[in-house]
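Just so we're aligned, residue 9 is where the sequence shown starts under our numbering, counting upward by one.
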Amino acid sequence: MSIQIAVIDDWQQVASSVVDWSVLEALGAVHFVHDYPADTATMITRLQAFEVICVMRERTPFDRALLQGLPNLKLLVTGGMRNAAIDLPAAKALGIAVCGTDSYKHAAPELTWALIMASTRNLLAEANSLRAGHWQVGLGGDLYGKTLGILGLGSIGQKVARFAQAFGMRVIAWSENLTPERASETGVTWVSKRELFEQADILSVHLVLSERSRGLVDAEALSWMKPSARLVNTARGPIVDEQALIEALQSGRLAGAALDVYGEEPLPVDHPFRHLPTVLATPHVGYVSEQNYRQFYQQMIEDIQAWANKAPIRVLC
């Protein structure tokens, strides 16, 4: 057996070093492909020889056109158990197996709190001032006694809530499926959607992207927020109406935003989020941690081995 395996989407070029890929030598050859053309025809040319392709979640789109152009492809392995960039029905129709991996559950909550703290204390501007040879330029905010609003109290939202409680914050939450009873199990107060936006000093988004959640944080919801409040989004960009958020920030109706996710990724060079002084923007690094990458890539190897043994695991389709 000699399977040709490609590892793509490795933006930092770390995949080859975080785990030991040599265990796959008995199955075939592993190739680390570091060039990502946007057009489908070039992708087909570059990837058509591979039977197995390892991808990072929601980077390269594997739509029907690309999948149809890869007749040798038998297995797609993605980091995480969700990847909206893969057309699963098309893969299934073409006989391409898709498997996923577990995730390190603390990476996104930790990044959320890094953004909350950095934004609240104005750390980016202060650090830039110091680098430029200056000193203090502003007055940082505080967390103790303030209200954190959590939009979506799932596994990540619950971890974020526990951090907030350690800081002495009041924590409120809402989502369409959340009940007061389930919120209270985490020591969180259930409120209505409008109350969530009205009362939050910091509002943090932790919903799964779906047709129901897309655009949920719209101009009306943002208008309910305090002028002193901040919005944090480490979930998915399209949950927030970007244009409405830009207008709220430009007009001063919102004090600031800390963002790790966007409607288009990578974020266009001329996008306002790159330049607005009240925005702290990071390049979707919520899951980009050493522990998470080790788990992703180690389990990708396990998925390939299991598939080669005709006993696939963590199957998505």
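Glycine included, each C-beta is placed from N, C-alpha and C at the ideal position.
Item, Value
"Can you tell which of 213, 98, 82 has the C-alpha that lies nearest to the C-alpha of residue 120?", "213"
"Given residue 211, which residues of its chain have a CB within under 6 Å of its CB, disregarding the five upstream and five downstream residues?", "157, 239"
"Throw me the rounded Cβ distance for the residue 92 and residue 118 pair, which I believe falls under 8 Å.", "Not quite, the Cβ-Cβ distance comes to about 23 Å (not below 8 Å), so this is no contact."
"Do the CB positions of residue 88 and residue 108 come within less than 7 Å of each other?", "yes"
"Can you round the beta-carbon distance between residue 52 and residue 266 to whole angstroms, since I take them to be within the 8 Å contact cut?", "So it is not a contact: roughly 38 Å between Cβ atoms."
"Going by DSSP, what residues sit across from residue 156 in a beta bridge?", "179, 210"
"Exposed or buried, residue 167, counting other C-beta atoms within 10 Å across all chains shown (16 or more means buried)?", "buried"
"Can you tell which of 162, 256, 171, 305 has its C-alpha closest to the C-alpha of residue 122?", "171"
"Would you identify the three-state DSSP class for residue 73, choosing helix, strand or coil?", "helix"
"According to the neighbour-count rule (16 or more other Cβ atoms, all chains shown, within 10 Å of its Cβ), is residue 152 buried or exposed?", "exposed"
"Can you find the residues in the same chain that come closer than 7 Å, C-beta to C-beta, to residue 143, ignoring five residues on each side of it along the sequence?", "137"
"Quick check: what's the CA-CA separation for residue 127 versus residue 217?", "24 Å"
"Just tell me which of 303, 285, 277 has its CA closest to the CA of residue 291.", "277"
"Could you give the distance in angstroms between the alpha-carbon of residue 17 and the alpha-carbon of residue 64?", "6 Å"
"Around the Cβ of residue 244, are there at least 16 other Cβ atoms within 10 angstroms (buried) or fewer (exposed)?", "buried"
"Can you pull the DSSP bridge partners for residue 39?", "14"
"From residue 188 to residue 199, what distance separates their C-alpha atoms?", "8 Å"
"Would you mind sorting residue 235 into buried or exposed? The rule is 16 or more other CB atoms within 10 Å of its CB.", "exposed"
"Spell out a yes or no on whether the stretch 71–86 and the stretch 43–51 are touching, meaning 3 or more CB-CB pairs, one atom from each, closer than 8 Å.", "yes"
"Would you kindly work out how many angstroms separate the C-alpha atoms of residue 318 and residue 32, rounded to a whole number?", "15 Å"
"Hey, out of 82, 34, 36, whose CA is closest to residue 56's CA?", "82"
"Where does residue 143 fall in DSSP's three states?", "coil"
"My assumption, with CB atoms under 8 Å, is that residue 38 sits in contact with residue 29. Please give the rounded CB distance.", "5 Å"
"So, for residue 58: in the same chain, excluding its five sequence neighbours on each side, which residues have a beta-carbon less than 8 Å away from its beta-carbon?", "12, 13, 14, 39, 78, 80, 81"
"Taking the alpha carbon of residue 325 as the reference point, which residue from 140, 130, 202, 90 has its own alpha carbon closest?", "90"
"With DSSP as the reference, label residue 220 as helix, strand or coil.", "coil"
"Checking 7 Å against the spacing of the C-beta atoms, do residue 253 and residue 284 come in under that value?", "no"
"Classify residue 160 as buried or exposed, calling it buried when 16 or more other Cβ atoms lie within 10 Å of its own Cβ.", "buried"
"DSSP state of residue 94, grouped into three classes?", "strand"
"Taking only runs that begin and end inside the stretch 97–146, name each unbroken beta strand (DSSP E) of 3 or more residues, in chain order.", "105–107"
"Tell me the rounded alpha-carbon separation between residue 116 and residue 296.", "9 Å"
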